[in-house]
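*Asks:* The structure under discussion is supplied below as structure tokens; questions concerning it will follow.
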Amino acid sequence: MTDVVSPLDEAGVEAVVRDALARKAPLATRGAGTRAGLGRPVQAARTLSTERLTGVTLLEPSELVVSARAGTPVAEVEAALAEKGQRLAFEPFDHRPLYGTSGEPTVGGLVAANASGPRRVIAGAARDALVGIRMVTGRGEAIRSGGRVMKNVTGYDIVKLAAGSHGTIGVVTEATFKTLPIPESETTLVLEGLDDAAGVAALCAAMVTPFEVTGAAYLPAREDAPSCTCLRLENFESQLRYRIGALEAALGHRGPTNRLDFPTSRALWREIAEAAPLLGPEDRLIWRISVAPSRAAELVAKLRPIIASHFYDWSGGLVWIAVEPSDDACAAVLRPAVQAARGHATLVRAPLATRAAVDVFEPQAPALARLTRAVTAAFDPEGILNPGRMHAP
Amino acid sequence: MTGIAMPAANPRILARRDEIVAGLRALVPGEGVIVSEDERRAFETDALTAYRRMPLAVVLPSTTEQVAAVLAFCDREGVPVVPRGAGTSLAGGALPQEDAIVIGVSKMTQVLDVDLASRTMRVQTGITNLGVSAAIAHEGFFYAPDPSSQLACTIAGNIAMNSGGAHCLKYGVTTNNLMGVTFVTMRGEIVEIGGDAMDAPGLDLLGVICGSEGQFGMVTEATLRILPMAEGARPILFGFETSEAAGAAVAAVLGAGIVPVAIEFMDKIAIDICEDFAHAGYPRDAGALLIVEVEGSPVELDEQLARIEMIARQHGATSSRQAKTAAEAAAIWKGRKSAFGAMGRISDYICMDGTIPTGRLPEVLHRITEICDAQGLKVANIFHAGDGNLHPLVLYDMNDPVSLAKAEEAGEEILRACVEVGGCLTGEHGVGIEKRELMTVQFTHVELAQMMRVKEAFDPNWLMNPAKVFPLEMARPSDVKVAA
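Read top to bottom, the protein sequences are chains A and B. Quick note on this note's numbering: the first sequence kicks off at 1 and runs consecutively. Quick note on this note's numbering: the second sequence kicks off at 1001 and runs consecutively.
Right, dumping it as structure tokens:
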């Protein structure tokens, strides 16, 4: 049973980390725990939760910027932004349906997991929108990196290191993001009945048009429905009318099309931002594969024997795959195929024992692993923060 | 004239020059090792030309393997290394030292692979920024970051400094358009980081290498995000009575949900100097002007510009001129793009590069004028208004050392003011030697020590581009030991 401490402010976080440091006792960290199934299991008697560090601390729509403390629910930040007609452009990915967790995903968890949704394909990842952080390092020291301005090259970009570090270099206590206006409307063009290769090719063809496609996903056929190649457009109403027509003219020869209205389009992409098209039996194991879109369909064809269900996002650059339960989660088949395609794979859903036994993140070449260890040690020399979360110690 | 100190050269290295050159020649054949004083002189400075140092030797490798061999040699021999792209740094980021060798990437300029469907491209990093876009323009693609020096500056330098440009309001800066690198450590290891698949797991080393000012290692190849060109682009020019009115209009445009690709600002002095030079038809009676550029189809351009024009009028725009033709668009941009050159024609100047929260613009502009008035210097303000990246040009006389000292003092005060209002010392030029001593204004000692520990994780002996970024007093290995 792990003991959970929830400090009320950054000084409290410092105290907890320093205490762990003094005792050389590993410390796990989390926000609200909605993504707790992500990463290798951590052996720690104590867990530091940032969920009580709450509140939006800066909201300047005319400067396209928002700051919030780490424990602030992402939904609260999004609501505050929406009131001003803005949003987080990378479309935060919500892990709750994947893990069957409840509670509110937090800003800190979002940063730690670099959790981006469908719009990442054009707008960049969470790490690209992140312009500043406050963090308590594994040395128990509070530091800032970046700031509140979007153009800043003063000193090293430690902000990027923190994003996606799963709490292994420090505990983020506050984050500042670049925001963007919410477009007036959205619509989705769907091409029906294409196979994987033709579907991904259509996604890529759409992404190289000048029409600024903000979502590009391929959902394979189901028993009751043909495959859907989905292309989202977001803009002013009048520009949308022109752009969807132009996009259809460019792609319509590839298959029958239909257009989704605003509410239907929004609901579809909400589902994709939760990997809902994949969800089936809860015991299936789930992989998330990044690969160049031009090699995605070929990779999936190779993996066909182990695939229970799958879909593509990010123009084919992100492939979600579910496999039936097995001891190694099919890693022996999947890893070599992904490496041959010069991609990388993360085992995002599997039982604890599997995540302890199989590499959850893509194994690193020796030189890269050495640099990663050295940089981690620069922040956390005693290795007390989430030891083993990303790579076996 | 050197207001900025550099460390004294290590006599033990100077004494071994012949031996070191022989060692380098064994690794890089023929003209790849430059030794003669005449030829080395081309490398003694960058675009911060007030500072010059003759390097021990210059090496121009042709392959990643040669870079690795040279770095491993220098690591073994304890010889400092100054990496160099095209030497366009305005911050002294590529300034050599007498006891260091310069390693340039100018012989590595190939395009290695283009994957249009995936919107990525692999290049050797000696290729120029404009060279990347030129190589894919016939396919209707471009590479988005566009620093003003893009004709000359290299991708290697862009990665080292995390370069920006006028269009980053929409497209981001280098770090947002960089997907992978071939990275060579000081030990001579060749490491592949990232690639053409998005969001490599593990610590985002790519993210911290980008913008590390050549202090971690050398980048010899890069995978870049490339983008399809917009259907069309068109600028509009607005004159305002005051800088405050122009600033308010910028905030209102962004607040209305419109994100132009670029919003550029000039004050009265800058308008006059640019107009004298470029005859771009800028409104001489205006106290400030904005150039706003949008992208889209002809119909979309009309519509967006109409919205923007309405907002600008509501905020007191006294004149506006929409480009109706490509020639008119070019004329509007001509004045802005030639601004630094036009300025250089009438006076020497130092170009500051702080970023501020855009809401603080009027007070900061006021403060900049006060600071320069107090030194008896003129200042022209040109900047990327959408993102708050200021470029005050402080005019001085290079032949008068007192004038340079005053300009440097004014520059320093301006940057302090930027940090005071919540901004930063440098938005896109980098710290280099120029702003090194000011780092304590923006960062605590704990923060600087943490950054130095990151450097040591890559380069434990402080051989990669030393004497840059950190205050000279702090920057040495003994101060911050990384636990083994």
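Quick reminder that beta carbons are idealized off the backbone N, C-alpha and C, glycines included.
1. In the DSSP assignment, what residue or residues form a beta bridge with C1168(B)?
2. In three-state DSSP terms, what is Q1215(B)?
3. Along the beta strand (DSSP E) that carries W320(A), what are the first and last residues, could you check?
4. Counting contacts by CB-CB distance shorter than 8 angstroms, is N386(A) in contact with chain B?
5. Alpha carbon to alpha carbon, how far is T949(B) from R1053(B)?
6. Which bits of chain B does C230(A) rub up against, with CB to CB less than 8 angstroms?
7. To which residues does DSSP link N1381(B) through a beta bridge?
8. Report the three-state DSSP secondary structure of L59(A) (helix, strand or coil).
9. Roughly how far, in whole angstroms, is the beta-carbon of D1099(B) from the beta-carbon of N1010(B), given that I think they are within contact range, below 8 angstroms?
10. Would you list the one or two residues that DSSP bridges to C1424(B)?
11. Who are the neighbours of E141(A) on chain B, taking C-beta pairs under 8 angstroms?
12. Determine the contact status of A1094(B) and L1472(B), defining contact as a CB-CB distance below 8 angstroms.
13. Assign A292(A) to one of three DSSP states: helix, strand, or coil.
14. With a cut-off of 8 angstroms on the beta carbons, I'd call G1354(B) and G1427(B) a contact; round off their distance for me.
15. Taking the C-alpha atoms as reference points, what is the distance between S290(A) and V1173(B)?
16. Taking the straight line between their C-alpha atoms, what separation do you get for Y1349(B) and E1437(B)?
17. Applying the 10 Å Cβ sphere with the 16-neighbour rule, what's the burial state of R1012(B)?
18. Can you find a heavy atom of the ligand HEM that lies under 7 angstroms from the Cβ of G164(A)?
19. Residues in the segment 160 to 181 of chain A with C-beta within 8 angstroms of chain B's C-beta atoms, listed in sequence order?
20. Near Q1110(B), what residues of its chain come up, given a Cβ to Cβ distance below 8 angstroms and the 5 sequence neighbours on each side ignored?
21. Going by DSSP, name the residue or residues bridged to T188(A).
22. Using a C-beta to C-beta distance shorter than 9 angstroms, which residues of chain A count as neighbours of F1458(B)?
23. So is V208(A) buried or exposed if we call it buried at 16+ other beta carbons inside 10 Å?
24. In angstroms, rounded to a whole number, what distance separates the CA positions of L1027(B) and V1070(B)?
25. What are the residues in the segment 307 to 324 of chain A lying within 9 angstroms of chain B by C-beta distance?
26. Taking 8 angstroms as the CB-CB limit, is R342(A) close to chain B?
27. Hey, could you find the ends of the beta strand (DSSP E) H344(A) is sitting in?
28. Could you give the distance in angstroms between the alpha-carbon of G1376(B) and the alpha-carbon of I1263(B)?
29. Check whether the segment 1029 to 1048 of chain B touches the segment 1181 to 1199 of chain B, counting contact only when three or more Cβ pairs, one atom from each stretch, lie closer than 8 angstroms.
30. Determine the contact status of A28(A) and A11(A), defining contact as a CB-CB distance below 8 angstroms.
31. Can you say whether E983(B) is buried or exposed, counting buried as having 16 or more other CB atoms within 10 angstroms of its CB?
32. Using a threshold of 8 angstroms, state whether the C-beta atoms of L285(A) and G343(A) are closer than that.
33. On the three-state DSSP scale, how would you describe T47(A)?
34. Compute the distance between the beta-carbons of I1258(B) and I1308(B), then report whether it is under 8 angstroms.
35. Residues of chain A with CB under 8 angstroms from G1172(B), in chain order?
36. Note down, in chain order, each residue of its chain lying with its Cβ closer than 6 angstroms to the Cβ of R144(A), except the 5 sequence neighbours on either side.
*Replies:* For this structure:
1. None; C1168(B) has no bridge partner.
2. coil
3. L318 to V323
4. no
5. Outside the shown range of chain B, which is 1001 to 1484, sits residue 949(B), and nothing can be said about it.
6. Residues of chain B passing the Cβ test: none, with the nearest at roughly 18 angstroms.
7. P1392(B)
8. strand
9. 4 angstroms
10. T1355(B)
11. V1446 and Q1450
12. No, they are not a contact pair.
13. Look at A292(A) here: in three-state DSSP terms it is coil, with no helix or strand label.
14. 7 angstroms
15. Going by the C-alpha atoms only, they are around 23 angstroms apart.
16. 20 angstroms
17. exposed
18. Here there are no bound small molecules, and the ligand HEM is not part of this structure.
19. K160, L161, A163, G164, S165, T168, I169, L180 and P181
20. For Q1110(B), same chain residues with a beta-carbon under 8 angstroms away, outside a window of 5 residues either side, are V1123, Q1124 and I1127 in chain order.
21. R232(A) and L260(A)
22. L371, A374 and V375
23. In the assembly as shown, V208(A) is a buried residue. Its beta-carbon has 16 or more other beta-carbons within 10 Å.
24. 7 angstroms
25. Answer in chain order: W314, S315, G316, G317 and L318.
26. yes
27. H344 to R349
28. About 30 angstroms.
29. no
30. In this structure, A11(A) does not lie closer than 8 angstroms to A28(A) by Cβ.
31. Past the boundaries of the shown model lies residue 983(B); chain B is included only from 1001 to 1484, so the question cannot be answered.
32. Cβ distance not < 8 angstroms, so L285(A) and G343(A) don't count as in contact.
33. DSSP places T47(A) in the strand class (E or B) of the three-state scheme.
34. A Cβ-Cβ contact shorter than 8 angstroms links I1258(B) with I1308(B).
35. G124 and D128
36. R134
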